[in-house]
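Encoded as structure tokens, the structure appears first; notes follow it.
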Amino acid sequence: MIPLTYYLLVSAILFAMGALGVLIRRNALVIFMSVELMLNAANLAFVAFARQYNAFSGQLFVFFVMTVAAAEVAVGLALIVAIFRVKHNIDVDQMSSLKG
Amino acid sequence: MLLSETATSPLFSLVPLIVFLPVLGLLLNILFGGRMGEKAIGWLTSAAAGLTFVVSALLAYALWAAHGETVVVPFADWITIGSLHIPWNFRVDTLSVTMMLVVSGVGTLIHIYAIGYMHEDVRFKNDPKRFRRFFVFLNLFIAMMMILVSGDSYLMLFVGWEGVGLCSFLLIGFWYEMDTLGRPSWANSNAAKKAMITNRIGDFGFLLAAMTMFWAFGSVQFGEVFGKAEEIAAAQPGIIIAITLFMLIGVTGKSAQIPLYVWLPDAMAGPTPVSALIHAATMVTAGVYLVARSWPLYTLAPDAQYIVAMVGAVTALFAATIAVGQYDIKKVLAYSTISQLGFMVAAVGMGAFVAGMFHLVTHAFFKALLFLSAGSVILGLERGHHHLAHHGGHTDHHEEVFDPGDMRNMGGLRKRMPVTFWLYIIGTLALAGIFPFAGFWSKDEILLDAAKLHPEVFILLTIAAFFTAFYMGRQIWMVFFGEPRHEAAAHAEESPKVMTVPLMVLAGLSVLGGALNLPGVHTLGHWLEHTIELAEHELHLPAWLAISWGGLNPVVALVSTLLALLAIYISWLIYGRKPLQAGQPDPLKKALGPLFTGMENKWFVDEAYWAVFVDRYVDIARFLADVVDWRFWHDWFHDKVIAGTYNWLSHIALNRYADQKGIDAFFNGLGDLTKRLSTSLRRLQNGFVRSYALAVMLGVVVIVGYLLMK
Chain G
65 MIPLTYYLLV SAILFAMGAL GVLIRRNALV IFMSVELMLN AANLAFVAFA RQYNAFSGQL
125 FVFFVMTVAA AEVAVGLALI VAIFRVKHNI DVDQMSSLKG
Chain H
10 MLLSETATSP LFSLVPLIVF LPVLGLLLNI LFGGRMGEKA IGWLTSAAAG LTFVVSALLA
70 YALWAAHGET VVVPFADWIT IGSLHIPWNF RVDTLSVTMM LVVSGVGTLI HIYAIGYMHE
130 DVRFKNDPKR FRRFFVFLNL FIAMMMILVS GDSYLMLFVG WEGVGLCSFL LIGFWYEMDT
190 LGRPSWANSN AAKKAMITNR IGDFGFLLAA MTMFWAFGSV QFGEVFGKAE EIAAAQPGII
250 IAITLFMLIG VTGKSAQIPL YVWLPDAMAG PTPVSALIHA ATMVTAGVYL VARSWPLYTL
310 APDAQYIVAM VGAVTALFAA TIAVGQYDIK KVLAYSTISQ LGFMVAAVGM GAFVAGMFHL
370 VTHAFFKALL FLSAGSVILG LERGHHHLAH HGGHTDHHEE VFDPGDMRNM GGLRKRMPVT
430 FWLYIIGTLA LAGIFPFAGF WSKDEILLDA AKLHPEVFIL LTIAAFFTAF YMGRQIWMVF
490 FGEPRHEAAA HAEESPKVMT VPLMVLAGLS VLGGALNLPG VHTLGHWLEH TIELAEHELH
550 LPAWLAISWG GLNPVVALVS TLLALLAIYI SWLIYGRKPL QAGQPDPLKK ALGPLFTGME
610 NKWFVDEAYW AVFVDRYVDI ARFLADVVDW RFWHDWFHDK VIAGTYNWLS HIALNRYADQ
670 KGIDAFFNGL GDLTKRLSTS LRRLQNGFVR SYALAVMLGV VVIVGYLLMK
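Protein chains in written order, with the working numbering: chain G, 65 to 164; chain H, 10 to 719.
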């Protein structure tokens with residue numbers, strides 16, 4: 065049986081990769097995927113703890129996260145399409161018209 | 010209307026009617042006069058005056074029946090302030106009833122005369138609508154005069170005193186927009202203002218007297234003042250002298266004595282009936298009445314009495330000399346009135362109250378007669394003038410202004426106006442004091458009393474009497490004898506009956522008026538004795554003065570009559586023997602030289618007053634207006650001090666410091682702070698989504714770290 069620590073380590077690595085992706089990458093799509101990566105890292109942690117402690121609610125919460133992620137992707141992709149139509153570009157550093 | 014306890018006769022309760030009948034007359038005239046004809050207006054007002062006379066006569070009868078006992082009829086409360094209580098009471102005593110009879114009797118005759126006079130006057134002056142106004146004023150005058158003579162206190166008397174002054178003002182300025190010749194000018198209204206202002210000076214004296222009286226006696230009611238007079242005189246004799254001398258100032262104003270007489274000659278600007286009624290017969294005698302009414306005060310102050318007598322005597326002589334040099338028929342009579350008022354004031358001043366009142370009554374008859382006859386003469390000339398203008402055809406010739414009152418335009422009128430001529434002769438003889446006309450008896454009584462009491466007053470008055478006869482003689486010769494000096498005089502026409510009949514009544518009174526107080530009988534003297542107690546003087550008289558034919562001294566009477574006849578003879582020598590020709594200067598001018606110039610120019614008193622008082626007053630007024638008010642108050646105090654301080658305060662203190670440095674600085678600082686804060690904070694809003702994400706992550710790390718470390 066693979067100990068919990070491994071799962072958590074993978075989850076942490078995944079989360080860190082996602083976070084770094086959000087912070088470093090400029091392509092909106094890639095940032096989006098990084099966000100998904102972080103969500104899934106969280107999911108992995110949920111599932112791991114649920115199995116470890118035999119708590120069903122952790123499993124359940126994963127469904128919520130996946131639902132929210134799906135909704136988020138739907139809205140986010142629509143935004144990206146709309147932005148692309150205006151700017152012909154999806155570089156987040158170009159989207160700075162609200163700069164103070 | 011309540012009866013006082015002493016009143017036995019119900020007739021006394023009629024006394025308020027003497028005021029309210031004329032008031033009713035004038036109210037009816039104001040309300041319905043517009044729809045009534047001239048005749049109706051005239052007779053309505055004359056009836057009001059006539060009924061007043063009837064009431065006065067009834068009062069006289071009731072008083073006679075009550076043996077002259079003074080009756081006070083309470084009528085209404087007027088002033089009640091604390092302890093001061095001044096009711097409107099009517100005082101019916103022999104003195105007030107005498108005045109009532111004179112005022113309403115002569116007044117009624119003048120009302121009737123005025124119907125005829127004003128009928129023509131308003132047409133010559135092209136304003137027939139003003140007819141009604143004249144009669145409203147006349148009735149108002151009668152009402153006010155009645156308040157004056159019937160008042161039971163000095164304050165009530167003062168109400169009438171001011172009321173008649175107002176009527177005098179209104180009637181002098183009756184033709185306010187023209188001069189006496191009908192030319193557009195403010196001359197008439199200036200004359201009215203002069204009368205008003207001069208009388209105000211006199212009224213000031215009257216008020217001082219009344220206030221001193223209230224201060225000393227605690228009352229202004231006749232009864233209370235006279236009751237306490239002796240007590241106060243013993244304690245503070247100065248008070249009585251002060252009151253009587255203050256009162257003298259009032260008398261000099263109203264009764265036209267030196268130094269305030271100057272308004273009366275100018276008052277001739279009023280229509281002639283006004284001159285007769287107000288400025289000869291009644292109003293101007295109010296001062297004489299006041300002194301007679303205040304007899305208990307004057308008899309207690311012999312020094313004041315002497316001053317009053319001298320003022321009267323000097324005025325009598327002074328005005329008589331001016332009358333000699335006048336050319337206007339009414340001006341001569343005006344100065345004559347001043348002079349005769351001087352006789353009366355001298356008489357009442359000496360304590361000869363009966364003689365003064367007697368002369369007041371007879372003078373009212375013959376001076377009203379003379380004035381009204383003069384009015385008839387003036388209208389006669391106006392008629393002649395108009396006759397010429399309409400029928401003569403030489404209109405160009407009459408472009409020059411014609412003065413119908415100038416005696417130099419007259420002459421030979423005895424043939425054109427015989428009735429007026431004879432009336433005038435009667436008035437003149439009465440005024441000159443020729444036996445047996447009314448003036449002889451009254452003037453003789455004054456002269457006799459003066460001879461006994463104050464020889465210097467006697468001498469002044471005797472000379473004045475000489476001048477009186479002279480200027481009246483001069484007037485008669487100039488107006489009625491010789492040849493007409495102007496075409497208007499040649500075409501003069503006699504006046505209608507409505508004017509001459511009242512004159513005949515007055516002429517009758519001028520002839521028979523002496524019967525009121527004949528020597529030996531002394532009807533008026535005994536009548537007034539009920540009110541005025543005459544002091545008995547212990548006098549050591551020279552033999553010629555001690556002779557008494559029932560109160561008549563043949564020496565004094567003979568001297569005054571001979572002097573009058575002599576004066577008339579001299580006037581005949583100068584003006585009658587060789588009548589004045591048109592354009593010829595007065596023959597006296599050559600004989601008297603500068604003396605006549607002085608008489609002609611009223612001794613330059615008006616000019617002197619103008620230079621000493623009026624110009625100085627104007628200077629002071631100008632100084633006050635220009636320097637004090639404008640430059641000091643407006644330019645300096647208002648503009649510099651008040652506005653300057655205010656501007657400095659608002660501009661420097663409030664604007665610059667409080668507003669700009671305080672309030673503005675606070676809110677600007679608030680804005681600046683916000684701005685600076687936002688300038689530094691806006692750097693965070695760099696628009697890079699990733700930097701926001703980093704911030705979020707760092708935040709999470711911090712929070713989570715905090716939660717873990719806790």
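C-beta atoms are modelled at their ideal positions from N, C-alpha and C, and glycine is treated no differently.
Taking the beta strand (DSSP E) that residue i falls in, what are its first and last residues?
i	result
W619/H	Careful: W619/H lies outside any beta strand (DSSP E) and carries neither H nor E.
F641/H	Per DSSP, F641/H belongs to no beta strand (DSSP E) and is neither H nor E.
T89/H	80-90
W97/H	93-101
Give the C-beta separation of residue i and residue j to the nearest angstrom, bearing in mind that I take them to be a contact with Cβ-Cβ under 8 Å.
i	j	result
V139/G	L103/G	Actually they do not touch by this definition, with Cβ atoms about 14 Å apart.
G389/H	E502/H	6 Å
I50/H	V507/H	The Cβ separation is near 13 Å, so there is no contact.
R473/H	A251/H	Before going further, note that residue 473/H is Ala rather than Arg in the sequence given. Rounded, the Cβ-Cβ distance is 29 Å, inconsistent with contact.
F99/H	D188/H	Rounded, the Cβ-Cβ distance is 41 Å, inconsistent with contact.
F380/H	A285/H	4 Å
V101/H	F21/H	6 Å
S194/H	G182/H	So it is not a contact: roughly 12 Å between Cβ atoms.
S348/H	T477/H	6 Å
Using alpha carbons as the reference points, say which of the options lies closest to residue i.
i	options	result
L147/H	V283/H, Y185/H, W170/H	V283/H
F148/G	E136/G, N91/G, A109/G, F125/G	N91/G
A322/H	Y307/H, G351/H, D337/H	G351/H
T532/H	P511/H, V514/H, G517/H, G559/H	G559/H
P413/H	I455/H, P493/H, L369/H	P493/H
L68/G	R115/G, D157/G, L101/G	R115/G
F84/H	S92/H, I541/H, P96/H, G91/H	P96/H
L7/H	N118/G, E136/G, L124/G, L87/G	Within the shown structure, residues of chain H are numbered from 10 to 719, placing residue 7/H beyond reach of any answer.
V111/H	F374/H, N610/H, A566/H	F374/H
A276/H	A196/H, D595/H, N610/H, G114/H	A196/H
M45/H	K424/H, R141/H, M127/H	R141/H
F62/H	H94/H, I151/H, H500/H, P280/H	I151/H
Q590/H	L690/H, M487/H, F632/H	M487/H
L597/H	I579/H, S65/H, V614/H	I579/H
S159/H	Y298/H, L604/H, D136/H, M419/H	Y298/H
Taking 8 Å as the threshold (beta carbon to beta carbon), is residue i in contact with chain H?
i	result
L141/G	no
S161/G	yes
D157/G	yes
L93/G	no
A83/G	yes
V86/G	yes
Cβ of residue i less than 8 Å from any chain C Cβ?
i	result
M706/H	Looking at the structure shown, chain C is missing, and the protein chains on hand are G and H.
Output the boundary residues of the alpha helix (DSSP H) element that contains residue i.
i	result
L166/H	163-181
F490/H	Element bounds for F490/H: n/a, residue is neither H nor E.
I77/G	68-88
I347/H	338-359
G436/H	427-441
D458/H	447-462
N677/H	674-690
M130/G	120-151
F380/H	362-396
G529/H	Careful: G529/H lies outside any alpha helix (DSSP H) and carries neither H nor E.
Y298/H	295-302
Point to revise | Contacting positions in the segment 689-703 of chain H - beta carbon closer than 8 Å to chain G | key: L690, R691, R692, L693, Q694, N695, G696, F697, V698, R699, A702, L703
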